[in-house]
Amino acid sequence: MPNEIPAGPVTVELRVSNSRFITHLAPAAEVVTARAFIASIRAKMPDANHHVYAYVIGHGGTTTLGMSDDGEPSGTAGRPALAVLKGSGLGDVVVVVTRYFGGTLLGTGGLVHAYGDSVKAVLAEVVRVEKIARCRLLMVMPYPLYEGVKRQLAGFDSSIDNEEFGTDVTLTVTVRVADAHTIEALLIEQTAGTIEILHTDLD
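For my numbering, add 3 to where a residue sits in the sequence shown, where the first one is 1.
Here's what the structure looks like:
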């Protein structure tokens, strides 16, 4: 199965026994990004009673998980939210369920259902896209090769992140991991081996 991530942010609101449950979902490739999103929702809705959150960063065996009940009874909010999020198969995702208390106590079971259903509702609206693994290539070449190399790169899903013009031209290029060896072989052949290519990992 492909590693899927949300294409963009989504917001959904549910009402349960007069309480409002407003769920915000967003992409987050790093924990620091998830925490910044959580903080932004807190700042946006400072008068809410609770900001319950859950996040899944990464995919498969390399995931980082986080959750918080944010004042709700232990295990009634963050845990069901995270369970639903994990079950969705999405990675690099954060949800914040903001609750405005409506005056009616929901009880332990009611809270578990309300928070779980809130995350299910927002996931139903998410557009999923495949996360594509990318890497960086550092290319060093004589000036006469510069334009030709750029033309070859234009035929791939690539982006030139940096260009340095010294004794030679140095390009920092982000490409799909699946294309990296093809690009390297093509450019070495096209330049008769006069281009130097180094592989570096994305930060």
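All C-beta atoms, glycine included, are put in the ideal place defined by N, C-alpha and C.
Note that the coordinates shown come from a computational prediction; the quantities given were computed from them, not determined experimentally.
Query: Entirely enclosed beta strand (DSSP E) segments - the stretch 125-192, minimum 3 residues; Result: 131-133, 137-144, 161-168 and 172-179
Query: Cutoff 7 Å; reference Val-96; Cβ partners in own chain excluding five residues on either side; Result: Ile-8, Pro-9, Leu-28, Pro-30, Ala-31, Tyr-58, Val-59 and Leu-88
Query: Residue nearest to Gly-74 in terms of C-alpha spacing, selected from Gly-11, Leu-114, Thr-170 and Asp-164; Result: Leu-114
Query: Helix, strand or coil at Leu-109 according to DSSP, with G and I counted as helix; Result: coil
Query: Spatial distance of Gly-158 from Gly-169 (CA atoms); Result: 26 Å
Query: Short Cβ contact (8 Å threshold) for Asn-6 with Lys-123; Result: no
Query: Host beta strand (DSSP E) of Ala-84 (start-end); Result: Note, Ala-84: premise wrong, no beta strand (DSSP E); alpha helix (DSSP H) at 81-90.
Query: Local conformation of Gly-196 per DSSP, three classes; Result: coil
Query: Beta-carbon gap between Gly-53 and Arg-102 smaller than 8 Å; Result: Contrary to the premise, residue 53 reads as His rather than Gly in this sequence. Yes, they are a contact pair.
Query: Alpha helix (DSSP H) segment containing Phe-104, residue limits; Result: Per DSSP, Phe-104 belongs to no alpha helix (DSSP H) and is neither H nor E.
Query: Asp-206 versus Pro-76: straight-line alpha-carbon distance, rounded; Result: Its pLDDT being 47, under 50, Asp-206 is placed unreliably in this model, and the value from its coordinates should be taken loosely. Their backbone Cα atoms lie some 38 Å apart in a straight line.
Query: The beta strand (DSSP E) enclosing Ala-57, as first and last residue numbers; Result: 53-60
Query: Nearest-angstrom Cβ-Cβ length linking Gly-11 and Val-130, presumed shorter than 8 Å; Result: 7 Å
Query: Asp-72 classed as buried or exposed, judged by whether at least 16 other C-beta atoms fall within 10 angstroms; Result: buried
Query: Test item: CB-CB of Val-84 and Val-55 under 8 Å; Result: The residue you asked about is not Val; residue 84 is Ala in the sequence shown. The answer is yes: Cβ separation under 8 Å.
Query: Nonlocal neighbours in the same chain, by C-beta distance under 7 Å from Glu-128, ignoring five residues either side; Result: Val-13 and Val-15
Query: C-alpha gap between Ala-42 and Ser-22, whole angstroms; Result: 22 Å
Query: Close beta carbons around Glu-187, own chain, < 6 Å, minus the five adjacent residues each side; Result: Ile-200
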